[in-house]
Amino acid sequence: MVEVASRSTRRTPWLIQGGMGIAISGWPLARAVSSAGQLGVVSGTAIDNVFVRRLQDWGVDETLRAVLDRFPVQSVVDEAINRFATVRREANAPYKMLPMLTERSRRRSIDLVVLASFVEVALAKFGHSGLVGINLLTKVQLPTAATLCGAILAGVDYVMMGAGVPTHIPGILDGLTAGQPVTLPLIVTGAGSDDAASTTTFDPSPYLPSHALTRPKFVGIVSSHVLATALAKRSNGSVDGFVVERPVAGGHNAPPRGRFEVDDHGNPLYGVRDEVNYETMVELGVPFWIGGGVTTRQHVLDAFSVGAAGVQVGTLFAYCNESGMDADLRRRVITEVKTGAVTVSTSLQASSTGYPFKVVSMSGTTSDAAVYDVRNRVCDLGYLREPFLRPDDSIGYRCAAEPATDYVRKGGSPDDTVNSVCLCNGLMAACGLGQVRPDGRREPPIVTSGDSINDIGRLLDGRVNYFAKDVIELLDPVMDQQPQ
C-alpha cells in the first residue's frame with residue numbers, strides 16, 4: 228500500500244471550464260484556464276486514441292518529453308514511442324488503429340490508457356500551480372479505472388463525471404490513491420448485478436511511483452437536485468461537489484423527468500419536474516456550480532444568488548483559440564455566427580447511449596443528411612458500445628451506429644439504428660484527428676454545442692477570434708464593469 232498525501236486546501240474556483248470531448252477540452256485549453264486561476268478541465272474520453280494519433284502527427288517535442296520522463300514505468304513509454312512516434316504520418320494516410328477495448332483487453336492496451344491520461348493531465352498542469360480536472364462519461368465504462376489511475380499519477384485535482392450515476396467512483400478514487408486493486412461495476416445487458424460478468428477489476432500496482440498520491444476531489448455532474456441527493460447518499464465515498472447541468476448545455480443531456488414530450492422540431496420538452504431546487508443543493512453542504520447557457524457576467528451573479536460556488540462554461544471555450552476543435556471547423560462556426568445564426572438541435576437518435584445529444588446543424592458534418600447518407604457505417608473505436616450477454620454467457624459488444632445488419636444480428640433492435648451517429652469517429656474528426664478511410668475519404672465531423680452558441684458573438688466584436696482569457700474576463704464577477 229502506498230502513502231496517501233493529504234489534500235491541500237485551495238480557493239474554490241468560481242469558474243469550471245467544461246470537459247468537452249473528444250479532445251475539445253485538451254490540455255492547451257485546460258492549461259490556459261488553470262493558469263488564469265480557474266479550474267481547467269481535460270476530457271478523458273477516448274484519450275488513448277487521442278494520444279497515439281497526436282504522436283503519429285506531431286511526434287515528441289521537448290515539453291512532451293519532459294512529461295514522459297516523469298511516468299513511473301518507462302518501458303510503457305518506450306513501447307508507445309516505438310509504435311507510434313518513430314515515423315510521421317503522411318497527411319492522407321490512415322492512422323494506426325488501437326484494438327477496441329473489452330473486458331479481456333491485453334495489458335499493453337491498458338498501459339496506453341494509463342499513459343495517455345497521465346500525459347494529458349501532466350501537460351495541462353505543466354508550468355503553473357493552478358487546478359486541473361478531468362472529465363469522464365459514466366456511460367464509457369471499460370477505460371474508466373485506467374484513465375483515473377493515469378490522472379491521479381499526474382496529480383489531477385478534480386474528477387468530474389456525468390452521463391450516468393457514478394456512485395462507485397468516490398470509492399474507486401480512494402482505492403487507486405491508496406494503490407489498491409479496485410472493482411468496478413460493468414453494466415452488461417442480460418446479466419444480473421450478481422453475475423460475474425457485471426464487474427471488472429483494475430490493479431494500479433504496476434504503475435505506482437515512489438511518492439505519495441493525492442486523492443482528487445470528486446464532482447458529480449447532475450441534472451437535478453434529486454439526482455444530486457441520491458448521489459450524495461448512495462456513493463461509496465465522499466462527493467466533494469456537483470455541477471448542475473441544465474438541458475441547454477452541449478453534448479449529452481439528461482432526458483426529461485416524467486412524461487416525455489417533444490416540440491414541433493423533435494426537441495425534448497422539459498417541464499416543472501426538471502426545475503432544480505437550489506435550496507436542496509445548498510443543504511447538501513458541498514459546493515455546486517451551475518452549467519448550461521452561462522454566457523454573461525449576470526449569469527454568474529445569478530448563480531451566486533442561489534447559493535452556487537460559481538458556474539461551469541463550455542460553449543464559449545469551445546471556439547476560443549486554445550480549444551482542441553479543428554481550426555477550420557472552428558473558423559466556419561465563427562463565420563456563421565458573425566454573418567447569421569447557427570442552429571442547434573437536440574437529437575433523440577444520434578447517440579447510441581439513448582441520451583439526448585446536442586447537434587450543430589452545419590454542412591459537411593454528419594448533421595448534413597447528404598453526408599450522413601454516404602458515410603459507410605463502421606464501429607472501430609467502440610467507446611460507446613453496449614456490452615451484452617451472449618447465450619453461451621460470454622460478453623459481446625454492439626453499437627447502434629455500427630452496420631445495421633451486424634447490430635440486429637447481435638440482438639439489437641433495427642429501430643435503434645435509424646439516424647444513429649458514430650459519435651466516436653465524428654467527435655474524433657471534430658478535433659482534427661479523424662480517420663482516413665481506404666477510399667481516401669476522411670471521417671466527417673459532428674459538432675456539439677450548447678443552445679447559446681450564438682452568444683460567442685459577444686466575444687467577436689471587431690475580431691475574428693478570441694482567447695480563453697477573454698472568456699474569463701467577459702464573465703468575471705469582480706471586474707469593475709456593469710453587469711451585462
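Numbering (the working numbering), first residue to last: 228 to 711.
We put the beta carbon where it would ideally sit given N, CA and C, even for glycine.
Quantities reported herein were computed from a predicted structural model and do not represent experimental measurements.
Separation of residue j from residue i, as counted between CA atoms
i, j, result
"residue 362", "residue 378", "10 Å"
"residue 703", "residue 422", "50 Å"
"residue 432", "residue 420", "27 Å"
"residue 692", "residue 547", "7 Å"
"residue 552", "residue 350", "18 Å"
"residue 425", "residue 460", "23 Å"
"residue 250", "residue 662", "15 Å"
"residue 235", "residue 559", "Residue confidence for residue 235 is low, a pLDDT of 46 falling below 50, so the modelled location carries little weight; the figure read from the coordinates is stated next. Approximately 43 Å, taken between the alpha carbons."
"residue 623", "residue 332", "13 Å"
"residue 445", "residue 665", "43 Å"
"residue 257", "residue 317", "29 Å"
"residue 523", "residue 561", "18 Å"
"residue 656", "residue 590", "14 Å"
"residue 284", "residue 408", "35 Å"
"residue 397", "residue 465", "6 Å"
"residue 695", "residue 525", "19 Å"
"residue 642", "residue 476", "27 Å"
"residue 635", "residue 248", "28 Å"
"residue 536", "residue 309", "46 Å"
"residue 199", "residue 492", "Any answer about residue 199 is impossible in this case: the structure gives the chain only from 228 up to 711."
"residue 544", "residue 322", "28 Å"
"residue 509", "residue 503", "11 Å"
"residue 375", "residue 539", "21 Å"
"residue 255", "residue 593", "27 Å"
"residue 337", "residue 373", "6 Å"
"residue 262", "residue 241", "14 Å"
"residue 344", "residue 381", "8 Å"
"residue 565", "residue 676", "16 Å"
"residue 467", "residue 580", "27 Å"
Exposure of residue i, with buried meaning 16 or more beta-carbon neighbours within 10 Å
i, result
"residue 354", "exposed"
"residue 384", "buried"
"residue 711", "Reliability of the predicted coordinates at residue 711 is poor, the pLDDT of 46 falling under 50, and no value is obtained from them."
"residue 603", "exposed"
"residue 239", "exposed"
"residue 290", "exposed"
"residue 463", "exposed"
"residue 267", "buried"
"residue 479", "buried"
"residue 614", "buried"
"residue 506", "exposed"
"residue 487", "exposed"
"residue 489", "exposed"
"residue 347", "buried"
"residue 402", "buried"
"residue 259", "buried"
"residue 669", "exposed"
"residue 658", "buried"
"residue 678", "buried"
"residue 390", "buried"
Endpoints, the alpha helix (DSSP H) within which residue i is located
i, result
"residue 563", "554-566"
"residue 361", "Per DSSP, residue 361 belongs to no alpha helix (DSSP H); it is in the beta strand (DSSP E), 359-364."
"residue 450", "First-last for residue 450: undefined, no H or E at that position."
"residue 374", "371-380"
"residue 437", "Where residue 437 is concerned, there is no enclosing alpha helix (DSSP H), given that its DSSP letter is neither H nor E."
"residue 402", "396-404"
"residue 714", "Outside the modelled stretch of the chain, which goes from 228 to 711, sits residue 714, for which no answer is possible."
"residue 250", "That residue, residue 250, is in no alpha helix (DSSP H); it is neither H nor E in DSSP."
"residue 207", "Absent from the model: residue 207. The displayed extent of the chain is 228 to 711, so no value can be given."
"residue 653", "650-657"
"residue 506", "505-510"
Beta-bridge partners of residue i, as assigned by DSSP
i, result
"residue 752", "Examination of residue 752 is not possible in this model, given that the chain is present from 228 through 711 alone."
"residue 337", "BP columns for residue 337 are empty, so no partner."
"residue 479", "584"
"residue 244", "540"
"residue 267", "359"
"residue 572", "586"
"residue 387", "362, 446"
"residue 669", "663"
"residue 489", "495"
"residue 416", "615"
The beta strand (DSSP E) enclosing residue i, as first and last residue numbers
i, result
"residue 428", "426-429"
"residue 694", "First-last for residue 694: undefined, no H or E at that position."
"residue 616", "613-616"
"residue 410", "409-412"
Any non-hydrogen atom of the ligand COA within 6 Å of residue i CB
i, result
"residue 653", "What this structure holds is no ligand at all, so the ligand COA is not there to describe."
At what residue ranges does the region 275-362 contain a whole run of the alpha helix (DSSP H), taking only runs of 4 or more? 289-295, 301-311, 334-352
In chain order, each beta strand (DSSP E) run of at least 3 residues that lies wholly inside the region 597-636: 613-616, 622-625
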